[in-house]
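**Student:**
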Amino acid sequence: MKRIMVTGGLGQIGSELVPYLREKYGHDNVIVADIREPENGDELFVKLDVRSEEDIINALKEHDIDTVYHLAAILSAKGEQNPQLAFNVNIVGMYNVLEAGRKVGLERIMVPSSIAAFGPETPKDNTPNDTVLKPRTMYGISKVTGELLGLYYWEKYGLDVRGVRYPGIISWKAPPGGGTTDYAVEIFYYALRGEKYTCFLREDATLPMMYMPDALKAITELAEAPADRLIHRTDFNISAMSFSPAELVAEIRKYVDFEVEYKPDYRQKIADSWPRTIDDSAARKEWGWKPDYDMPTMVRDMISNLKKKLGL
Ligand code: NAD
Ligand code: AKB
Numbered sequence: 011m012k013r014i015m016v017t018g019g020l021g022q023i024g025s026e027l028v029p030y031l032r033e034k035y036g037h038d039n040v041i042v043a044d045i046r047e048p049e050n051g052d053e054l055f056v057k058l059d060v061r062s063e064e065d066i067i068n069a070l071k072e073h074d075i076d077t078v079y080h081l082a083a084i085l086s087a088k089g090e091q092n093p094q095l096a097f098n099v100n101i102v103g104m105y106n107v108l109e110a111g112r113k114v115g116l117e118r119i120m121v122p123s124s125i126a127a128f129g130p131e132t133p134k135d136n137t138p139n140d141t142v143l144k145p146r147t148m149y150g151i152s153k154v155t156g157e158l159l160g161l162y163y164w165e166k167y168g169l170d171v172r173g174v175r176y177p178g179i180i181s182w183k184a185p186p187g188g189g190t191t192d193y194a195v196e197i198f199y200y201a202l203r204g205e206k207y208t209c210f211l212r213e214d215a216t217l218p219m220m221y222m223p224d225a226l227k228a229i230t231e232l233a234e235a236p237a238d239r240l241i242h243r244t245d246f247n248i249s250a251m252s253f254s255p256a257e258l259v260a261e262i263r264k265y266v267d268f269e270v271e272y273k274p275d276y277r278q279k280i281a282d283s284w285p286r287t288i289d290d291s292a293a294r295k296e297w298g299w300k301p302d303y304d305m306p307t308m309v310r311d312m313i314s315n316l317k318k319k320l321g322l
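The opening position of the sequence shown corresponds to residue 11 in the numbering used here, with each subsequent residue numbered one higher.
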């Protein structure tokens, strides 16, 4: 029987991954761990700081955990405002989770990497799985470090660490946590309320994106993939759609009209260092990855769900 703990479980991805895993593995077998308290009073919650290995070990032992989904992190934009915090949470935190996992004897650690692992020297179109990794953000550096540490712990200690490189994740349930791709979520709220949106990226800043249902499917399918089929482990490219702010605006305007202006800020430089489109053939070949949503189907679903959520 699986006993799972999700670190950063109250964030954008965690707040949807936890119910998804509970549906799959049983409600009581999935524990939420986060540095902040849940608003819904979830009784299967443990407050912990991933910067403390002791906190993590105590939680793993207390709840008899065999699998960790390690989501606690500081994302790209927030990380550039406080690189020291990003280093400690993302790199020290990842090391602590691996060390705790090794000492307690975890069966598996799932940890998302990101397209932020790539940098300005990486080919921008159809970016290969195995390519130049020279990111210039602390967040990106932490993601490359996490990929390499995960591989090291697998080869050295047999700790089964796996991960996908998520593109920007779009969802309507919980807000994004401070990334460069957050505009692609925020913009829907402004559009539906009929408010003018000021976009912090240029209108032609094309980036890879993915809808939340595909993000949940990807990480759980990789977790279940037979080990003997995996050549890669912690660094799978996955792809679903790529678009610019102007293309997203045009698609949303098929449903609602709204005004947009473009005022690129420091996040444009981060976006400029990331790929436009991703080659995910390794994930397709090694564990059968295939997305369900493209941009038009994502926009339709986002608008329908957000209308209900906002009572429109
Ligand atoms: P988020 O910012 O929404 O959530 C992160 C959570 O971590 C928050 O609930 C926060 O309270 C918690 N946290 C922060 N510091 C902590 C600490 N010291 N100890 C314990 N918890 C702490 O992030 P997310 O979007 O849900 O991302 C989850 C993972 O997916 C991250 O590893 C991120 O890099 C990766 N990822 C996300 C995206 C995306 O677009 N959302 C894209 C690529 C990769
Ligand atoms: C961010 O913009 O920081 C994240 C990511 C792509 O990792 N959404």
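Where a beta carbon is used, it is the ideal one built from N, C-alpha and C, also for glycine. All values reported here derive from a predicted model rather than from experimental measurement.
#1: Would you say the beta carbon of Ile262 is closer than 7 Å to some non-hydrogen atom of the ligand NAD?
#2: Look up Tyr207 in the DSSP assignment and say whether it is helix, strand or coil.
#3: Just to check my reading of the structure: Asn305 and Phe198 have Cβ atoms closer than 8 Å, yes? What is that Cβ distance to the nearest angstrom?
#4: Tell me whether Ala43 sits in a helix, a strand or coil according to DSSP, three-state version.
#5: Assign Pro285 to one of two classes, buried (16 or more other C-beta atoms within 10 Å of its C-beta) or exposed (fewer than that).
#6: Kindly examine the ligand AKB and report whether one of its heavy atoms sits closer than 7 Å to the Cβ of Pro177.
#7: Is it the case that the stretch 22-38 contacts the stretch 90-97, given that we only count it when at least three CB pairs across the two stretches are under 8 Å?
#8: Taking 7 Å as the limit between beta carbons, can you name the residues of its chain near Glu257, skipping five residues before and five after?
#9: Just the Cα atoms here: how many angstroms apart are Met308 and Gly298?
#10: Contact check, Ser283 vs Gly178 under 8 Å by CB: the rounded distance?
#11: Counting pairs of Cβ atoms below 8 Å between the stretch 234-254 and the stretch 172-186, do you hit three or more?
#12: Tell me which same chain residues have a C-beta within less than 7 Å of the C-beta of Ala96, skipping the five on either side of it?
#13: Just to confirm the assignment, what range does the beta strand (DSSP E) spanning Gly178 have?
#14: On the criterion of 16 or more Cβ atoms from any shown chain inside 10 Å, does Tyr276 qualify as buried, or is it exposed?
#15: If you scan the stretch 90-141 from start to end, which runs of the beta strand (DSSP E) of 3 or more residues do you find wholly inside it?
#16: Flag this pair as touching only if the stretch 47-66 and the stretch 95-115 have three or more C-beta atom pairs under 8 Å; answer yes or no.
#17: What do you get for Ile180, buried or exposed, if any count of 16 or more other CB atoms within 10 angstroms of its CB means buried?
#18: For Ile241, collect the residues of the same chain with a Cβ closer than 8 Å to its Cβ; drop the 5 residues on either side in sequence, then sort them by chain order.
#19: Leaving out five residues before and five after Ala228 in sequence, what residues of the same chain have Cβ atoms less than 7 Å from its Cβ?
#20: Check whether the Cβ atoms of Lys243 and Tyr167 lie closer than 8 Å to each other.
#21: Between which two residues does the beta strand (DSSP E) containing Thr77 stretch?
#22: Taking the alpha carbon of Leu81 as the reference point, which residue from Pro133, Asn136, Lys34, Ile14 has its own alpha carbon closest?
#23: For Tyr265, which of helix, strand or coil comes out of DSSP?
#24: Name the DSSP bridge partner or partners of Glu271?
#25: Taking 8 Å as the threshold (C-beta atoms), are Phe253 and Thr208 in contact?
#26: Quick one: is the Cβ of Tyr149 within less than 7 Å of any heavy atom of the ligand AKB?
#27: Do Val99 and Gly160 have their CB atoms nearer than 8 Å?
#28: Among the candidates Arg212, Thr77, Lys183, whose CA atom is the shortest distance from the CA of Tyr1?
#29: What residue from Pro301, Glu33, Ile280, Val107 has the CA that sits closest to Asp224's CA?
#30: Below 7 Å, is the gap between the Cβ of Arg46 and the nearest heavy atom of the ligand ATP?
#31: Take the Cβ of Pro236 as the centre, count every other Cβ of all protein chains shown within 10 Å, and call the residue buried at 16 or more, exposed below.
**Tutor:** According to the structure data:
#1: Here residue 262 refers to the residue found at position 252 when the sequence shown is read from its first residue. Residue side-chain check: Ile262 keeps its Cβ at 7 Å or more from all non-hydrogen atoms of the ligand NAD.
#2: Locating residue 207 in the sequence shown gives position 197, where the first residue counts as 1. Tyr207 falls in the strand class under three-state DSSP.
#3: Along the sequence shown, one-based indexing puts residue 305 at 295. Along the sequence shown, one-based indexing puts residue 198 at 188. Note on residue identity: the sequence assigns Met, not Asn, to residue 305. With a Cβ gap of about 13 Å, Met305 and Phe198 do not count as contacting.
#4: Residue mapping note: residue 43 aligns to position 33 of the sequence shown, counting from 1. Correct three-state label for Ala43: strand.
#5: Here the question's residue 285 lines up with position 275 in the sequence shown. Burial of Pro285 is indicated by the presence of at least 16 other C-beta atoms within 10 angstroms of its C-beta.
#6: Along the sequence shown, one-based indexing puts residue 177 at 167. Checking the Cβ of Pro177 against the ligand AKB gives yes.
#7: Segment contact: the stretch 90-97 against the stretch 22-38, fewer than three CB-CB distances shorter than 8 Å; contact not assigned.
#8: The residue labelled residue 257 in the question sits at position 247 within the sequence shown. There are no such residues.
#9: On the sequence shown, residue 308 is found 298 positions in, with the first residue counted as 1. On the sequence shown, residue 298 is found 288 positions in, with the first residue counted as 1. A straight-line Cα-Cα distance of about 21 Å links Met308 and Gly298.
#10: Counting from one through the sequence shown, the residue named residue 283 turns up at place 273. Counting from one through the sequence shown, the residue named residue 178 turns up at place 168. At roughly 14 Å, the Cβ-Cβ gap does not stay under 8 Å, so Ser283 and Gly178 are not in contact.
#11: By the criterion of at least three beta-carbon pairs nearer than 8 Å, the stretch 234-254 is in contact with the stretch 172-186.
#12: Against the sequence shown, residue 96 aligns to sequence position 86. Cβ neighbours of Ala96 within its own chain (closer than 7 Å, five residues either side excluded): Ile84, Gly89, Met148, Tyr149, Ser152.
#13: On the sequence shown, residue 178 is found 168 positions in, with the first residue counted as 1. Its beta strand (DSSP E) spans residues 178-180.
#14: Here residue 276 is taken as the residue at index 266 of the sequence shown, counted from 1. With fewer than 16 other Cβ atoms within 10 Å, it is exposed.
#15: Taken in chain order, the complete beta strand (DSSP E) segments of 3 residues or longer contained in the stretch 90-141 are 118-120.
#16: By the Cβ criterion, the stretch 47-66 is in contact with the stretch 95-115, since at least three pairs of Cβ atoms, one from each stretch, lie closer than 8 Å.
#17: Reading the sequence shown from its first residue, position 170 is the one you call residue 180. Classification for Ile180: buried.
#18: Along the sequence shown, read from residue 1 onward, the residue named residue 241 stands at position 231. Around Ile241: Ala292, Glu296.
#19: In the sequence shown, counting from the first residue as 1, residue 228 sits at position 218. In the same chain as Ala228, and ignoring 5 residues on each side of it, the C-beta atoms closer than 7 Å to its own belong to Val174, Ile248, Trp299, in chain order.
#20: Taking the first residue of the sequence shown as 1, we reach residue 243 at position 233. Taking the first residue of the sequence shown as 1, we reach residue 167 at position 157. It is worth fixing the name first, because residue 243 is Arg in this sequence and not Lys. No, these two residues do not count as a Cβ contact at 8 Å.
#21: Numbered from its first residue, the sequence shown carries residue 77 at position 67. From DSSP, the beta strand (DSSP E) with Thr77 extends over 77-80.
#22: As a first step, residue 81 is located in the sequence shown; it is residue number 71 there, counting from the start. The shortest C-alpha separation from Leu81 is found at Ile14.
#23: As a working mapping, residue 265 is identified with position 255 in the sequence shown. Coil, per DSSP.
#24: As a working note, residue 271 is residue 261 in the sequence shown. For Glu271, the pairing in a beta bridge is given by DSSP as Thr208.
#25: The count along the sequence shown starts at 1 and reaches residue 208 at position 198. The count along the sequence shown starts at 1 and reaches residue 253 at position 243. No. Outside cutoff.
#26: One-based indexing of the sequence shown puts residue 149 at position 139. Result yes, Cβ under 7 Å from the ligand AKB.
#27: In the sequence shown, residue 99 corresponds to position 89, counting from 1. In the sequence shown, residue 160 corresponds to position 150, counting from 1. No, the pair does not count as a contact, with Cβ atoms beyond the cut-off.
#28: One cannot answer for residue 1 here, as it falls past the ends of the chain, which runs 11 to 322.
#29: Your numbering for residue 224 matches position 214 in the sequence shown. Relative to Asp224, the option among Pro301, Glu33, Ile280, Val107 whose CA is nearest is Pro301.
#30: As far as ligands go, the structure on display features the ligand NAD and the ligand AKB and does not contain the ligand ATP.
#31: Taking the sequence shown and counting its residues from 1, the one referred to as residue 236 is at position 226. With fewer than 16 other Cβ atoms within 10 Å, it is exposed.
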